[in-house]
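Participant:
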Amino acid sequence: MSSTTLSTILFLAFVAATLAITVWASRQTKTAADYYAGGRSFSGVQNGLAIGGDYMSAASFLGIAGIIALSGYDGFLYSIGFLVAWLVALLLVAELMRNSGKFTMADVLAFRMSPRPVRTAAGTSTIVVSIFYLLAQMVGAGALVGLLLGVTSEAGKIWTIVAVGALMIVYVVFGGMKGTTWVQIVKAVLLMTGAALVTVLVLAKFGFNLSGLLGQAAATSGPKANPDQFLIPGLKYGTEAQGLAGKIDLISLGLALVLGTAGLPHILIRFYTVPTAKDARKSVMWGIGIIGTFYLLTLVLGFGAAAIVGREEIIAQDPGGNTAAPLLALRIGEEIFGSVGGTILLAFIGAVAFATILAVVAGLTLASSSSFAHDLYAHVFRRGQASERQEVVVARISALVIGAIAIGLSILAQNQNVAFLVALAFAVAASGNLPAILYSLFWKRFNTTGAVSAIYGGLLSALVLVIFSPVVSGGAASLFKDVDFSWFPLSNPGIVSIPFGFLCGYLGTIMSKEYNASKYAEIEVRSLTGVGAEKAVKH
Numbered sequence: 001m002s003s004t005t006l007s008t009i010l011f012l013a014f015v016a017a018t019l020a021i022t023v024w025a026s027r028q029t030k031t032a033a034d035y036y037a038g039g040r041s042f043s044g045v046q047n048g049l050a051i052g053g054d055y056m057s058a059a060s061f062l063g064i065a066g067i068i069a070l071s072g073y074d075g076f077l078y079s080i081g082f083l084v085a086w087l088v089a090l091l092l093v094a095e096l097m098r099n100s101g102k103f104t105m106a107d108v109l110a111f112r113m114s115p116r117p118v119r120t121a122a123g124t125s126t127i128v129v130s131i132f133y134l135l136a137q138m139v140g141a142g143a144l145v146g147l148l149l150g151v152t153s154e155a156g157k158i159w160t161i162v163a164v165g166a167l168m169i170v171y172v173v174f175g176g177m178k179g180t181t182w183v184q185i186v187k188a189v190l191l192m193t194g195a196a197l198v199t200v201l202v203l204a205k206f207g208f209n210l211s212g213l214l215g216q217a218a219a220t221s222g223p224k225a226n227p228d229q230f231l232i233p234g235l236k237y238g239t240e241a242q243g244l245a246g247k248i249d250l251i252s253l254g255l256a257l258v259l260g261t262a263g264l265p266h267i268l269i270r271f272y273t274v275p276t277a278k279d280a281r282k283s284v285m286w287g288i289g290i291i292g293t294f295y296l297l298t299l300v301l302g303f304g305a306a307a308i309v310g311r312e313e314i315i316a317q318d319p320g321g322n323t324a325a326p327l328l329a330l331r332i333g334e335e336i337f338g339s340v341g342g343t344i345l346l347a348f349i350g351a352v353a354f355a356t357i358l359a360v361v362a363g364l365t366l367a368s369s370s371s372f373a374h375d376l377y378a379h380v381f382r383r384g385q386a387s388e389r390q391e392v393v394v395a396r397i398s399a400l401v402i403g404a405i406a407i408g409l410s411i412l413a414q415n416q417n418v419a420f421l422v423a424l425a426f427a428v429a430a431s432g433n434l435p436a437i438l439y440s441l442f443w444k445r446f447n448t449t450g451a452v453s454a455i456y457g458g459l460l461s462a463l464v465l466v467i468f469s470p471v472v473s474g475g476a477a478s479l480f481k482d483v484d485f486s487w488f489p490l491s492n493p494g495i496v497s498i499p500f501g502f503l504c505g506y507l508g509t510i511m512s513k514e515y516n517a518s519k520y521a522e523i524e525v526r527s528l529t530g531v532g533a534e535k536a537v538k539h
């Protein structure tokens, strides 16, 4: 049996199983709380697995392995950034958000402020960040199918993106949070199993000697003139050609990765699916354990691909390096188990990667459609007069629209590395959402003008800087290669847009006289102790 046939069978089996979960969940989804938060019925362990499944995206499995294989040490900084980011989420927002909100990030921000402008800003930001993140997943889907099913034409990859987008829409429209969460739990188990298996096989090949693996990776994929440069900083960022801009770009990337997680809407809504604050803490701890282990595995996957597959073969298959992990699975499987073993391992890893993409895009689409229905439609357009049934209907319709937008933009971004695209999403989240969330939870003086200024200021500055960066024009890997309007020299805008978001929030606050001391006192007690959290759920 060929790898194409086996991959197709495994993938279809996963799709069938997850569609069955979705059908079951659709029958359990009767209220808005069911659709948005899975009825708050998940335990800390279940939600921890789902958080891991939501966070360990195609960018993690495909993109990071690829960028390490192509850029060595500089690529591994993505793994470190994603992992450290969880400490920020745990210490600053996880339990506080769960205690203070109901369904979305805007519930926390609007609690002590004028709700309509704040919900409009938060809903807009949520949708923009989610679409950025969706781009990475859909691009990963196109690259993966090109390898597994032998689809090499542009039209074939485009149809793949469309098919993944259609599946994602089905999960969200019919399954809601309950169906999406169970898909993410299944996917987390499969992904950890697949990554651990390939990691053990790679280490076994090198006698469990990490130094030997790194040395071979440098010899095979490092610069011919100086292979050791593969294992030290400067291969991707801070090269002589880039000069100071490259070093600043690296700092900007680190800021975006470390601060972005706490502002990602599809991660924030996961804290609302548990019944108590204790379960919220437990779910984050489980999430950290799963995610931390996984990102350590990406070190072996990335350098293993560099050592065993080689830079040239990886780039030949996909210019962004997104197929490095599947290629590694094929090669190591063939070396240890023969051609049949390589075929089976490639098929399994490919199916796991498909599962990864489908689960994450479902979570992202759910976050953005929920925000549109709950924040924009119910509280801004209908001024709080919409019924729960109307909210859920609008959420399902908006999932269709957001899915279609993501599909269209993903087709344009096919040649970008997916880890890089996610870093942009992190920068946008850290610039717009994070300042508003932290100010709202910890600054007594914070008000409506400050919240709106922080969100729009950070969001717009990040988007403008990305548009006028080498990511969009002027480079070989840009979206528009034939024109150059890139006056901003950095690939990631975080070092400018994140401080600018905090500054806008500060200036907006001090320029307005609005201040509600009693509401701040109430949200402070609720966020720190959980007292009143049930009230937030019920009203």
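At position 242 of the sequence shown (counting the first as 1) the number is 242 in the working numbering, and the numbers step up by one without a gap. Note that CB positions come from ideal geometry on N, CA and C, so glycine has one too.
1. For Y237 versus L250, is the C-beta spacing smaller than 9 angstroms?
2. Considering only DSSP beta bridges, list what F480 is partnered with.
3. Rounded to whole angstroms, what is the Cα-Cα separation between F303 and A404?
4. Could you have a look at F488 and say whether DSSP puts it in helix, strand or coil?
5. Are there 16 or more other CB atoms within 10 angstroms of the CB of A362, so buried, or fewer, so exposed?
6. Could you pull out every residue in the same chain whose Cβ sits closer than 7 angstroms to the Cβ of A219, ignoring the five residues on either side in sequence?
7. Under the three-state reduction of DSSP, which class applies to A265: helix, strand or coil?
8. Using a 10 Å radius around the Cβ and a threshold of 16 neighbouring Cβ atoms, would you call D318 buried or exposed?
9. Give the DSSP-derived three-state secondary structure of F11 in the structure shown.
10. Taking the alpha carbon of S371 as the reference point, which residue from T22, V118 and V93 has its own alpha carbon closest?
11. Output the distance between the C-alpha atoms of T104 and S527, rounded to the nearest integer angstrom.
12. Starting from S497, trace the alpha helix (DSSP H) both ways and give me its first and last residue.
13. Given 8 angstroms as the limit, is there contact between the segment 80-88 and the segment 333-344, that is, 3 or more CB pairs closer than that?
14. Please report the Cβ distance between K187 and A359, rounded to the nearest whole angstrom; I am assuming they are in contact, meaning their Cβ atoms lie under 8 angstroms.
15. Tell me which residue opens and which closes the alpha helix (DSSP H) that L232 is part of.
16. Which one of K444, F468, R27 and S431 has the shortest CA to CA distance from S453?
17. Please identify the residue among F381, F348 and K278 whose C-alpha is closest to the C-alpha of L90.
18. Can you give me the start and stop residues for the alpha helix (DSSP H) that I64 sits inside?
19. Which residue's Cα is closest to the Cα of T160: L346, V173 and G142?
20. For the putative contact between V164 and M138, defined by C-beta atoms under 8 angstroms, what is the C-beta separation to the nearest angstrom?
21. State the Cα-Cα distance for the pair V471 and T448, rounded to the nearest angstrom.
22. Spell out a yes or no on whether the segment 43-58 and the segment 391-398 are touching, meaning 3 or more CB-CB pairs, one atom from each, closer than 8 angstroms.
23. Under a three-way DSSP split, which group does Y377 fall into?
24. Nearest-angstrom Cα distance between S548 and V428?
25. Please confirm if the segment 166-176 is in contact with the segment 269-278, defined as three or more CB-CB distances below 8 angstroms between the two stretches.
26. Could you give the C-beta distance for R331 and V300, rounded to a whole number, given that I count them as a contact under 8 angstroms?
27. On a Cα-Cα basis, can you pick out the residue from F11, L244 and L328 that is closest to L203?
28. What's the call for A13, buried or exposed, on a 16-neighbour Cβ count within 10 Å?
29. With a 10 Å radius around its C-beta and 16 neighbouring C-beta atoms as the bar for buried, classify S469 as buried or exposed.
30. Relative to the alpha-carbon of A155, which residue among L412, L259, K444 and F446 has its alpha-carbon at the smallest distance?
31. Please list the terminal residues of the continuous alpha helix (DSSP H) segment that includes F294.
32. Rounded to the nearest angstrom, how far is the Cβ of S440 from that of V108, given a contact under 8 angstroms?
33. Can you give me the start and stop residues for the alpha helix (DSSP H) that G338 sits inside?
34. Can you grab the Cα-Cα spacing for the pair T18 / A166, in whole Å?
35. Report buried or exposed for L424, applying the criterion of at least 16 other Cβ atoms within 10 angstroms of its Cβ.
Facilitator: With the structure as the only source:
1. yes
2. S473
3. 36 angstroms
4. coil
5. buried
6. P227
7. The question names Ala, but residue 265 is Pro in the sequence shown. It is helical.
8. buried
9. helix
10. V118
11. 15 angstroms
12. G494 to I510
13. no
14. 4 angstroms
15. One detail in the question is off: residue 232 reads as Ile in this sequence, not Leu. Run containing I232: none; DSSP gives neither H nor E here.
16. S431
17. K278
18. Per DSSP, I64 belongs to no alpha helix (DSSP H) and is neither H nor E.
19. G142
20. 6 angstroms
21. 34 angstroms
22. no
23. helix
24. An answer regarding residue 548 cannot be provided, because it is not within the stretch 1 to 539 covered by the chain.
25. no
26. Going by Cβ atoms, the distance from R331 to V300 rounds to 14 angstroms, so no, they are not a contact pair.
27. L328
28. exposed
29. buried
30. L412
31. A277 to I308
32. 6 angstroms
33. A324 to S371
34. 14 angstroms
35. buried
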